[in-house]
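Student:
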Amino acid sequence: MKLGNIMIFGDSYSTYEGYIPEGFAVYYSGHRELPPDVFDVKRTWWGRILDATDSTLVQNNSWSGSTLGNTGYNNTDCSNSSSFIYRFEKLWSEGFFEKNKIDTLFVFGGTNDSWSEAPLGELKFDNIKKEDLFCVLPAISYFAGTLKEKLPDTKIVFIANCEIKDEVIDAIRKSCEHYGLTFVGLSGIDKENRHPTELGMEQIASQVLEGLM
């Protein structure tokens with residue numbers, strides 16, 4: 008399977024020191040003192056996928072602790088900093104996607120939206136207002152719709168974590184169905200401190216590749 012030029016929008020699960028944009032918060036590195044210890048970038052879920060598919064990473068736009076929507080932990084406004092929505096819109100306005108052809112885009116988010124206790128709101132696909140993007144469910148559908156509209160020729164894959172709110176997983180699934188995107192729902196991932204171990208990373212990569220078959 009060849010996935011071509013790959014891009015990732017993610018949170019801590021997809022970070023690795025030296026492989027994300029400067030200034031983004033990182034979780035995984037080669038010298039963590041606390042578990043889980045993933046000490047080789049090739050053992051991350053996405054490193055394994057790159058190797059398995061002989062694909063090229065164009066950018067890993069992942070920020071530890073980030074939310075897909077505009078509300079972060081402690082009700083923080085992330086609409087001009089770390090949210091997936093803001094990060095995509097910034098890249099779009101800078102012409103990133105005109106300069107870089109992306110064949111496959113992975114979105115691995117919703118975990119912090121679930122854990123941060125951000126307001127869920129209501130899942131909808133029309134008349135989404137700016138204030139709706141501070142609620143999780145409409146932010147998910149908005150982001151999915153924006154990617155579909157802006158990147159019609161890119162294969163877009165949403166990965167939903169296990170052990171997060173059912174409402175968040177359901178919103179990701181329904182948004183993928185609505186916009187014709189690929190949905191991968193994870194299950195049984197091995198974790199420590201709520202983050203994937205090396206085994207967990209292997210399980211994620213395996214389930215994602217299976218979902219792409």
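Going by the numbering used here, the letters in the sequence shown line up with residues 8 to 220, in that order.
Here a beta-carbon is modelled for each residue, glycine too, at the ideal position from N, C-alpha and C.
Predicted model only: the values in this text are computed from it and were never measured.
Are there three or more Cβ pairs, one per stretch, closer than 8 Å when the segment 117-127 is compared with the segment 137-150?
Tutor: Contact between the segment 117-127 and the segment 137-150 is present, because at least three Cβ pairs lie under 8 Å.
Student: In terms of residues, what are the limits of the alpha helix (DSSP H) holding Gly17?
Tutor: Here Gly17 belongs to no alpha helix (DSSP H); instead the beta strand (DSSP E) covers 12-17.
Student: Using CA atoms only, rank isn't needed, just tell me which of Asp47, Tyr20, Pro28 is closest to Tyr34.
Tutor: Taking only the C-alpha atoms, the option nearest Tyr34 is Tyr20.
Student: Whole angstroms are fine: how far does the CA of Ala151 sit from the CA of Ser100?
Tutor: In a straight line, the C-alpha of Ser100 is about 18 Å away from that of Ala151.
Student: Work out the CA separation of Gly116 and Asn68 for me, nearest whole Å.
Tutor: The straight-line gap from Cα to Cα measures roughly 12 Å.
Student: When the Cα atoms are used, what is the spatial distance from Glu138 to Ser86?
Tutor: Cα-Cα distance, rounded: 10 Å.
Student: Relative to the C-alpha of Ser89, which residue among Ala59, Glu174, Asn134, Gly17 is closest?
Tutor: The option with the nearest alpha carbon to Ser89 is Gly17.
Student: If you reduce the DSSP assignment to three classes, tell me which class Ile176 lands in.
Tutor: Helix at Ile176.
Student: How many angstroms separate the CA atom of Val191 from the CA atom of Ala59?
Tutor: Taking the straight line from one Cα to the other gives about 18 Å.
Student: Of all the options Gly128, Gly207, Thr153, Arg55, which has the alpha carbon lying nearest to the alpha carbon of Glu174?
Tutor: It is Gly128 whose Cα lies nearest to the Cα of Glu174.
Student: Going residue by residue through the segment 27-92, where are the continuous beta strand (DSSP E) segments of at least 3 residues, counting only ones entirely within it?
Tutor: Listed in chain order, they are 63-69.
Student: According to the Cβ coordinates, are Ile109 and Val164 closer than 8 Å?
Tutor: It is not a contact, given that the beta carbons lie outside the stated cut-off.
Student: First and last residue of the beta strand (DSSP E) that includes Thr189?
Tutor: Start and end: 189-192.
Student: Am I right that Leu112 and Leu57 are in contact with their C-beta atoms under 8 Å? What's the rounded C-beta distance?
Tutor: So it is not a contact: roughly 14 Å between Cβ atoms.
Student: Check Glu101 in the structure and name its three-state DSSP category.
Tutor: In the structure shown, Glu101 sits in coil (DSSP, three-state: anything other than H, G, I, E or B).
Student: Excluding five sequence neighbours on each side, which residues of the same chain lie with their C-beta closer than 7 Å to the C-beta of Thr74?
Tutor: These residues qualify, in order along the chain: Cys85, Ser90, Asn119, Asp120, Ser123, Ala125.
Student: Within its chain, find whatever has a CB closer than 6 Å to the CB of Ile135; leave out the 5 residues flanking it on each side and keep chain order.
Tutor: Result list for Ile135: Pro145, Tyr149, in chain order.
Student: Could you give the DSSP three-state label for Gly124: helix, strand or coil?
Tutor: The sequence shown places Glu at residue 124, rather than the Gly named in the question. Note: Glu124 maps to coil in three-state DSSP.
Student: Between Thr51 and Tyr23, is the Cβ-Cβ spacing less than 8 Å?
Tutor: Contact: yes.
Student: Look at Cys169 and Leu130 and say whether their C-beta atoms are less than 8 Å apart.
Tutor: Taking 8 Å as the Cβ cut-off, Cys169 and Leu130 do not qualify as a contacting pair.
Student: Would you report the Cα separation of Ile179 and Tyr26, rounded to the nearest angstrom?
Tutor: In a straight line, the C-alpha of Ile179 is about 26 Å away from that of Tyr26.
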